[in-house]
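**Q**
Protein chains: 2
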Amino acid sequence: MTLRNVTQAACQVSLFCTRVAASSSAGCSTSSSANFEPLGRGLHRMFLTAAVPQGYIQTWADVRGRRVEPFSIVQQEVDIVSERLRHSVSTGIPALKTAAEYFFRHGMEGKRLRPTLALLMSSALSPSAPPPEYLQVDLRPAAEHAPELRRRQQRIAEIAELIHVASLLHDDVIDDAETRRGVVSLNNVMGNKTAILAGDFLLARASVSLAALRNPETVVLMSQVLEHLVSGEIMQMTATSEQLLDLDHYMAKTYCKTASLMANSSRSIAVLAGVTPAVCDMAWSYGRHLGLAFQARLSCRSGAVL
Amino acid sequence: MTLRNVTQAACQVSLFCTRVAASSSAGCSTSSSANFEPLGRGLHRMFLTAAVPQGYIQTWADVRGRRVEPFSIVQQEVDIVSERLRHSVSTGIPALKTAAEYFFRHGMEGKRLRPTLALLMSSALSPSAPPPEYLQVDLRPAAEHAPELRRRQQRIAEIAELIHVASLLHDDVIDDAETRRGVVSLNNVMGNKTAILAGDFLLARASVSLAALRNPETVVLMSQVLEHLVSGEIMQMTATSEQLLDLDHYMAKTYCKTASLMANSSRSIAVLAGVTPAVCDMAWSYGRHLGLAFQARLSCRSGAVL
Chain V
27 MTLRNVTQAA CQVSLFCTRV AASSSAGCST SSSANFEPLG RGLHRMFLTA
77 AVPQGYIQTW ADVRGRRVEP FSIVQQEVDI VSERLRHSVS TGIPALKTAA
127 EYFFRHGMEG KRLRPTLALL MSSALSPSAP PPEYLQVDLR PAAEHAPELR
177 RRQQRIAEIA ELIHVASLLH DDVIDDAETR RGVVSLNNVM GNKTAILAGD
227 FLLARASVSL AALRNPETVV LMSQVLEHLV SGEIMQMTAT SEQLLDLDHY
277 MAKTYCKTAS LMANSSRSIA VLAGVTPAVC DMAWSYGRHL GLAFQARLSC
327 RSGAVL
Chain S
27 MTLRNVTQAA CQVSLFCTRV AASSSAGCST SSSANFEPLG RGLHRMFLTA
77 AVPQGYIQTW ADVRGRRVEP FSIVQQEVDI VSERLRHSVS TGIPALKTAA
127 EYFFRHGMEG KRLRPTLALL MSSALSPSAP PPEYLQVDLR PAAEHAPELR
177 RRQQRIAEIA ELIHVASLLH DDVIDDAETR RGVVSLNNVM GNKTAILAGD
227 FLLARASVSL AALRNPETVV LMSQVLEHLV SGEIMQMTAT SEQLLDLDHY
277 MAKTYCKTAS LMANSSRSIA VLAGVTPAVC DMAWSYGRHL GLAFQARLSC
327 RSGAVL
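This is the structure in structure tokens:
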């Protein structure tokens with residue numbers, strides 16, 4: 027199997043992944059999922075049936091009528107996580123506040139794929155929709171412990187986005203990028219110094235939020251993500267021409283650069299939910315495959331692997 | 027009181043701090059400590075009497091004869107922490123291994139003040155010297171939990187040094203530094219990209235080690251340090267000419283840039299030791315004052331505040 031075959035297959039998996047919540051439960055067990063067992067077919071069905079509990083933004087009629095769009099299912103909740111992020115990065119130091127807010131201001135948040143995935147996973151593993159009070163912004167400080175499960179899962183969504191944005195800020199300095207998300211990059215507006223420090227600040231804030239969860243297993247899982255991100259970036263920087271054509275190298279690099287964050291935040295959501303180790307494994311596997319497929323599609327589109 | 031007076035006073039405090047283990051217990055309660063109550067006179071005495079338990083490198087005769095040099099007390103243990111650091115930063119990615127090892131190779135470790143302080147504090151709070159097996163290098167992976175108290179305290183020493191070196195790597199990129207510790211800086215040898223990523227890698231490794239402690243309070247304490255380091259750097263970068271002459275600004279910036287790491291690692295050592303909250307406060311206060319005094323002396327020497 028060549029890298030081209032794999033990326034094409036991955037495109038199909040990715041389409042399947044991103045449309046899973048739009049399928050009916052009858053449609054879920056056919057074609058693509060049947061051909062991709064490691065994705066965890068059981069989890070997909072659970073993802074579909076539990077992520078959209080009655081009364082929570084979408085109705086069953088929407089699901090059955092295939093009118094559900096995955097991002098819209100938890101959009102309201104992702105919005106409050108974004109609002110909390112904007113609030114959270116405010117500090118008493120104006121220069122840092124401006125830099126840290128750069129990526130979180132309204133209309134600049136990007137796709138917010140990672141918090142969306144985390145919150146869809148939270149709903150998939152929950153017997154009921156989150157009560158209305160959890161759809162208000164949680165304004166407790168990052169270092170303050172939140173005992174409520176859904177709030178803790180929202181913190182994982184927030185931490186995943188903080189780590190992701192921090193890595194983008196550092197990547198832009200490393201690549202000397204001129205734009206990001208269609209506007210001038212932070213390193214271009216405020217200089218490399220501020221961009222490096224803003225990235226460090228977001229990592230620090232993620233670390234404080236993570237510590238406040240007081241759950242050693244999730245701290246370990248999410249701590250590994252940053253190491254993977256760095257390893258992936260170095261693998262990409264130092265790849266030989268032979269490695270660039272090697273599938274194992276591509277998959278290892280892509281897991282580190284993209285899929286680890288999705289896999290480990292999905293697993294963290296499951297760990298916090300207190301589900302069985304087997305379901306935790308499925309959650310990790312789901313995030314891993316989604317991440318690999320997502321990046322493979324980006325690589326196809328950019329022509330990097332075609 | 028002017029900034030010059032304070033830094034001169036701080037020099038005396040610093041001298042006192044660094045020589046405390048060289049004093050006899052009779053000398054400890056006089057002059058300097060009597061004038062600087064917040065340092066915690068009780069802790070100083072404890073530091074002196076417990077840090078050098080019989081048979082542990084120094085003898086009581088050495089202490090009484092004022093022949094003890096603080097760094098030598100725990101040098102053997104700091105050496106094994108350094109050895110573990112060199113081993114810990116080894117990964118399967120050669121470019122990263124070279125970069126991460128740059129600061130930890132023999133003869134390049136610098137003063138190793140932070141691990142020394144952490145291990146002196148460990149001994150100060152311990153009823154006995156660490157058994158010989160804890161003076162061998164601990165080769166367990168960073169993510170593996172260590173149940174033994176002294177090993178956990180050695181991990182704090184290691185994490186403190188990882189965070190410190192990561193901040194130096196990023197600082198050198200930010201300042202476009204040409205040298206560090208008398209040799210060409212990493213950013214100059216391997217470029218800014220590698221230096222930024224190596225810093226991130228060390229932060230990630232610190233985060234994994236911290237998570238493996240499975241102690242929520244120490245995770246919170248050490249997580250805050252990175253945020254303080256970033257805040258301090260930004261405070262320095264953006265200080266107005268008025269702020270440069272303002273004592274409160276100097277102290278706040280110096281706490282963030284230097285003292286927070288010492289204060290919070292000292293407190294973490296105390297938390298792991300299971301001592302009372304009052305002793306934890308004293309440990310934090312000791313680290314804070316030592317850090318403020320240490321930086322004030324550096325500022326005096328460099329002429330930054332004179």
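If you're matching them up, the sequences are chains V and S in order.
Residue numbers in the first sequence follow our numbering, run continuously in steps of one, and reach 332 at the last position.
Residue numbers in the second sequence follow our numbering, run continuously in steps of one, and reach 332 at the last position.
Virtual Cβ for every residue (Gly too), placed ideally from N, Cα, C.
Small disclaimer: the values here were computed from a predicted structure and weren't measured.
Taking its Cβ as the centre, do 16 or more other Cβ atoms sit within 10 Å of residue 279(S), making it buried, or is it exposed?
**A** Counting from 1 along the second sequence, the entry for residue 279(S) is found at position 253. Classification of residue 279(S): buried, given that the 10 Å Cβ count is 16 or more.
**Q** Using the beta-carbon of each residue, which ones in chain S are nearer than 9 Å to residue 169(V)?
**A** Translated into the one-based positions of the first sequence, residue 169(V) becomes position 143. Contact of residue 169(V) with chain S by beta-carbon distance below 9 Å involves 246, 249, 250.
**Q** Does the region 170-189 of chain V come close enough to the region 139-154 of chain V to have 3 or more Cβ pairs within less than 8 Å?
**A** yes
**Q** Report the CB separation of residue 287(V) from residue 190(V) in whole angstroms; it is logged as a contact under 8 Å.
**A** Within the first sequence, numbered from 1, the residue matching residue 287(V) stands at position 261. Within the first sequence, numbered from 1, the residue matching residue 190(V) stands at position 164. That pair is a contact at about 6 Å.
**Q** Just to confirm my understanding: we take residue 294(S), look at its own chain, exclude 5 residues before and 5 after, and list those with CB closer than 7 Å. What are they?
**A** Residue 294(S) sits at position 268 when you count from the first residue of the second sequence. If we look at residue 294(S) and ignore the five residues flanking it on each side, its Cβ neighbours are 182, 244, 247, 248.
**Q** Which residues of chain S have a Cβ atom closer than 8 Å to the Cβ of residue 200(V), listed in chain order?
**A** The residue given as residue 200(V) occupies position 174 in the first sequence. Here the neighbours are 218, 219, 222, 223.
**Q** State the beta-bridge partners of residue 210(S) as determined by DSSP.
**A** Locating residue 210(S) in the second sequence gives position 184, counting from the first residue. For residue 210(S), DSSP records a beta bridge to 205(S).
**Q** I want to see whether chain V comes within less than 7 Å of residue 335(S), judged by CB atoms only; does it?
**A** Since the first and last residues shown for chain S are 27 and 332, residue 335(S) lies out of range.
**Q** Inspect the beta-carbon positions of residue 196(S) and residue 99(V) and report whether they are closer than 7 Å.
**A** In the second sequence, residue 196(S) corresponds to position 170, counting from 1. In the first sequence, residue 99(V) corresponds to position 73, counting from 1. Contact flag unset, no.
**Q** Which of the three DSSP states is assigned to residue 131(V) in this structure?
**A** The sequence position of residue 131(V) within the first sequence is 105, counting from 1. Reduced to three states, the DSSP call for residue 131(V) is coil.
**Q** Do you know how far the Cα of residue 283(V) is from the Cα of residue 269(V)?
**A** As a working note, residue 269(V) is residue 243 in the first sequence. As a working note, residue 283(V) is residue 257 in the first sequence. Near 16 Å, if we compare the C-alpha coordinates of residue 283(V) and residue 269(V).
**Q** Shortest alpha-carbon distance to residue 136(V) belongs to which of 105(V), 242(V), 169(V), 213(V)?
**A** Mapped onto the first sequence, residue 136(V) falls at position 110. Comparing Cα-Cα distances from residue 136(V) to each of 105(V), 242(V), 169(V), 213(V), the minimum goes to 105(V).
**Q** Taking residue 163(S) as the reference, give the member of 112(S), 212(S), 186(S) with the closest Cα.
**A** By 1-based counting over the second sequence, the position of residue 163(S) is 137. Taking only the C-alpha atoms, the option nearest residue 163(S) is 112(S).
**Q** Using three-state DSSP, classify residue 323(V) as helix, strand or coil.
**A** For the purposes of this step, residue 323(V) is taken as residue 297 along the first sequence, with counting starting at 1. In the structure shown, residue 323(V) sits in a helix (DSSP, three-state: H, G or I).
**Q** Within the chosen definition, does the region 150-159 of chain V reach the region 214-229 of chain V through at least 3 CB pairs nearer than 8 Å?
**A** no
**Q** What does the Cβ neighbour count give for residue 210(S), buried or exposed, with the cut at 16 atoms within 10 Å?
**A** Indexing the second sequence from 1 puts residue 210(S) at position 184. Exposed.
**Q** Between which two residues does the alpha helix (DSSP H) holding residue 243(S) run?
**A** One-based indexing of the second sequence puts residue 243(S) at position 217. Per DSSP, residue 243(S) belongs to the alpha helix (DSSP H) from 242-264.
**Q** How big is the Cα-Cα spacing for residue 187(V) and residue 157(S)?
**A** Along the first sequence, one-based indexing puts residue 187(V) at 161. Along the second sequence, one-based indexing puts residue 157(S) at 131. Those two C-alpha atoms are separated by around 44 Å.
**Q** Is the separation between the beta-carbon of residue 298(V) and that of residue 110(V) shorter than 7 Å?
**A** Mapped onto the first sequence, residue 298(V) falls at position 272. Mapped onto the first sequence, residue 110(V) falls at position 84. Not a contact, by the Cβ cut-off of 7 Å.
**Q** Under the rule that 16 or more other beta-carbon atoms within 10 Å means buried, what is residue 258(S), buried or exposed?
**A** Taking the second sequence and counting its residues from 1, one reaches residue 258(S) at position 232. Label assigned to residue 258(S): buried.
**Q** List the residues of chain S whose Cβ lies closer than 7 Å to the Cβ of residue 233(V), in chain order.
**A** Counted from its first residue, the first sequence places residue 233(V) at position 207. Correct list: 233, 249, 252.
**Q** Note down the Cα distance separating residue 285(V) from residue 198(S), rounded to an integer number of angstroms.
**A** Translated into the one-based positions of the first sequence, residue 285(V) becomes position 259. Translated into the one-based positions of the second sequence, residue 198(S) becomes position 172. So the alpha carbons of these two residues sit roughly 31 Å apart.
**Q** Mind pulling the chain V residues with CB within less than 7 Å of residue 238(S)?
**A** Position 212 of the second sequence, counted from the start, is the residue given in the question as residue 238(S). Here the neighbours are 246.
**Q** If you run the structure through DSSP and keep just helix, strand and coil, what is residue 279(S)?
**A** One-based indexing of the second sequence puts residue 279(S) at position 253. In the structure shown, residue 279(S) sits in a helix (DSSP, three-state: H, G or I).
**Q** If you draw a straight line from the alpha carbon of residue 176(S) to that of residue 289(S), how long is it in whole angstroms?
**A** Counting from one through the second sequence, the residue named residue 176(S) turns up at place 150. Counting from one through the second sequence, the residue named residue 289(S) turns up at place 263. For residue 176(S) and residue 289(S), the distance between alpha carbons rounds to 19 Å.
**Q** In terms of residue numbering, what span does the alpha helix (DSSP H) encompassing residue 268(S) cover?
**A** Locating residue 268(S) in the second sequence gives position 242, counting from the first residue. 267-270 is the extent of the alpha helix (DSSP H) around residue 268(S).
**Q** What does the alpha-carbon distance come out to for the pair residue 322(S) and residue 281(S)?
**A** The residue labelled residue 322(S) in the question sits at position 296 within the second sequence. The residue labelled residue 281(S) in the question sits at position 255 within the second sequence. So the two alpha carbons sit approximately 11 Å from each other.
**Q** Run the CB neighbour count on residue 144(S), radius 10 Å, all protein chains shown included, and call it buried at 16 or more, exposed below.
**A** Here the question's residue 144(S) lines up with position 118 in the second sequence. Buried is the call here.
**Q** Kindly indicate which three-state DSSP category residue 96(V) falls into: helix, strand or coil?
**A** Here residue 96(V) refers to the residue found at position 70 of the first sequence. Helix at residue 96(V).
**Q** Identify whether residue 76(V) lies in helix, strand or coil by the three-state DSSP scheme.
**A** On the first sequence, residue 76(V) is found 50 positions in, with the first residue counted as 1. Below a pLDDT of 50, predicted positions are generally treated as unreliable, and residue 76(V), at 44, falls in that range; the measurement from the model is reported next regardless. In this structure, residue 76(V) counts as helix in the three-state DSSP scheme.
**Q** Suppose you measure from the CA of residue 101(V) to the CA of residue 325(S); what does that come to, to the nearest Å?
**A** For the purposes of this step, residue 101(V) is taken as the residue at position 75 of the first sequence. For the purposes of this step, residue 325(S) is taken as the residue at position 299 of the second sequence. Their Cα atoms are separated by approximately 51 Å.
**Q** Can you find a heavy atom of the ligand GDP that lies under 6 Å from the Cβ of residue 142(S)?
**A** Absence of the ligand GDP from the depicted structure is noted, as is the absence of any ligand whatsoever, leaving it without description.
**Q** Do you know offhand how far residue 193(V)'s Cα is from residue 193(S)'s?
**A** Here residue 193(V) corresponds to residue number 167 of the first sequence, with the count starting at 1. Here residue 193(S) corresponds to residue number 167 of the second sequence, with the count starting at 1. Residue 193(S) has its alpha-carbon roughly 16 Å from the corresponding atom of residue 193(V).
**Q** Do you know how far the Cα of residue 250(V) is from the Cα of residue 237(S)?
**A** To locate residue 237(S), count along the second sequence from 1; it is residue 211. To locate residue 250(V), count along the first sequence from 1; it is residue 224. In a straight line, the C-alpha of residue 237(S) is about 10 Å away from that of residue 250(V).
**Q** With the cut-off set at 7 Å, would you say residue 216(V) and residue 125(V) are in Cβ contact?
**A** Counting from 1 along the first sequence, the entry for residue 216(V) is found at position 190. Counting from 1 along the first sequence, the entry for residue 125(V) is found at position 99. Yes, these two residues count as a Cβ contact at 7 Å.
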